[in-house]
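For reference, the structure discussed in these notes is given below.
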Amino acid sequence: MSVAFAAEREGKAASIRPTSVVDGVYDGIYHRLMSLEIAPGARIRIDVLARELGVSQTPIREALSRLEREGLVLKEHLIGYSAAPQWTRKQFEDLYVFRLLIEPEAARLAVINMTPEALQQLEDSAADMGHGEPPVDRNTRYSRFARADAQFHDAILKVAGNDVIRSTLSNQHVHLHIFRLMFHTRVTQEALEEHENLLAAFRAGDPQAAFGAMRDHIERSRDRLLSAFE
Ligand SMILES: [Zn+2]
Numbered sequence: 000m001s002v003a004f005a006a007e008r009e010g011k012a013a014s015i016r017p018t019s020v021v022d023g024v025y026d027g028i029y030h031r032l033m034s035l036e037i038a039p040g041a042r043i044r045i046d047v048l049a050r051e052l053g054v055s056q057t058p059i060r061e062a063l064s065r066l067e068r069e070g071l072v073l074k075e076h077l078i079g080y081s082a083a084p085q086w087t088r089k090q091f092e093d094l095y096v097f098r099l100l101i102e103p104e105a106a107r108l109a110v111i112n113m114t115p116e117a118l119q120q121l122e123d124s125a126a127d128m129g130h131g132e133p134p135v136d137r138n139t140r141y142s143r144f145a146r147a148d149a150q151f152h153d154a155i156l157k158v159a160g161n162d163v164i165r166s167t168l169s170n171q172h173v174h175l176h177i178f179r180l181m182f183h184t185r186v187t188q189e190a191l192e193e194h195e196n197l198l199a200a201f202r203a204g205d206p207q208a209a210f211g212a213m214r215d216h217i218e219r220s221r222d223r224l225l226s227a228f229e
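Residue numbers (numbering that gives the first Met the number 0): 0 to 229.
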């Protein structure tokens with residue numbers, strides 16, 4: 000499902016029930032999944048979560064179905080929910096081959112379709128990642144960064160304007176899986192510098208530089224994360 004479709008569904012859910020409770024529950028479960036407090040593949044018990052988070056089972060179910068659409072949890076008939084299993088090395092490598100085919104081209108297309116407003120939004124999105132609120136702890140900073148990075152990359156795909164590319168990548172839930180793979184303190188800082196190289200190409204209106212900056216970013220990201228499998 001595309002990000003846009005998912006957002007539309009959230010909007011409908013929001014009109015039925017106050018979002019604040021579900022949002023809070025969603026954040027709580029998301030954080031546990033990203034920090035591996037709920038281990039990949041582990042069963043998720045609705046009654047236990049309801050007790051721990053001090054809410055009824057209804058918002059837990061709503062939050063879990065949102066996380067299911069995002070690929071972070073799985074639902075099996077008669078068994079219930081479990082955390083999505085960790086990627087295998089093959090899944091990881093396949094995905095990076097795919098990203099290298101698609102995202103540099105998307106960055107090139109983004110330069111061609113860039114507007115001053117779109118560039119400003121990308122600048123703001125990148126700045127949010129670098130200068131967010133002080134992190135509560137390392138894991139919280141990590142899961143926040145994962146979301147911000149997903150939004151930054153999706154914003155580039157949006158500007159690129161190819162809906163097939165955008166929805167296909169969105170359905171892979173790349174960032175959520177990657178950032179569960181490992182906790183590496185330097186990943187965030189290095190990625191920020193690579194994002195800055197991308198922004199420089201966007202500012203300069205240079206399609207080939209944007210292509211190269213995205214290719215470098217994804218190759219370096221792959222190399223940083225490969226150590227998770229060693
Ligand atoms: Zn990135």
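Built from N, CA and C at the ideal position, the CB exists for glycine as well.
Fair warning: this is a prediction, and the values are worked out from it, not measured in the lab.
With respect to Ala-208, Ala-200 sits close: the two C-beta atoms are nearer than 7 Å.
At a cut-off of 6 Å, the beta-carbon of Ala-147 does not count as near ligand 1: no heavy atom of the ligand is closer than that.
Ligand 1 approaches Ala-190 closely enough that one of its heavy atoms is under 6 Å from the residue's Cβ. Of Arg-42, Val-173, Arg-88, the smallest CA-CA separation from Ile-78 is found for Arg-42. Taking 7 Å as the cut-off, the beta carbon of Arg-146 is found no closer than this to the beta carbon of Phe-210. Counting every other CB atom within 10 Å of its CB across the protein chains shown gives Arg-31 a total of 16 or more, marking it as buried.
Sorting His-172, Ile-177, Ala-125 by C-alpha distance to the C-alpha of Glu-193 places Ala-125 at the top. About 5 Å separates the Cβ atoms of Ala-82 and Ile-37, confirming a contact at the 8 Å cut-off.
Secondary structure remark: continuous alpha helix (DSSP H) runs of at least 4 residues inside the segment 70-155, in chain order: 88-112, 115-129.
Here the segment 213-225 makes contact with the segment 97-105; the two share three or more CB pairs at distances below 8 Å. Arg-42 has Ser-81 as its beta-bridge partners, per DSSP. A straight-line Cα-Cα distance of about 20 Å links Asp-148 and Asn-161. With respect to the 7 Å criterion, Leu-175 and Leu-71 are classified as neighbours on the basis of their beta carbons. Asp-127 and Asp-93 have their alpha carbons spaced roughly 30 Å apart. When DSSP states are grouped into helix, strand and coil, Gly-160 belongs to the coil group.
Rounded to whole angstroms, the gap between the alpha carbons of Tyr-25 and Glu-69 is 12 Å.
Looking only at Arg-60, Phe-97, Ser-34, the smallest Cα-Cα distance to Asp-22 is reached by Arg-60. With a cutoff of 7 Å on beta-carbon distance, Leu-224 and Leu-180 are scored as near each other. Glu-122 is the residue among Lys-74, Glu-122, Val-47 whose C-alpha sits nearest the C-alpha of Arg-202.
In terms of Cα proximity to Arg-165, the closest of Val-96, Phe-91, Gln-150 is Gln-150.
Rounded to the nearest whole angstrom, the C-alpha separation of Ala-159 and Val-96 is 20 Å. Taking the Cα positions, Gln-188 is about 15 Å away from Asp-222. Per DSSP, Gly-211 is one residue of the alpha helix (DSSP H) stretching across 206-225.
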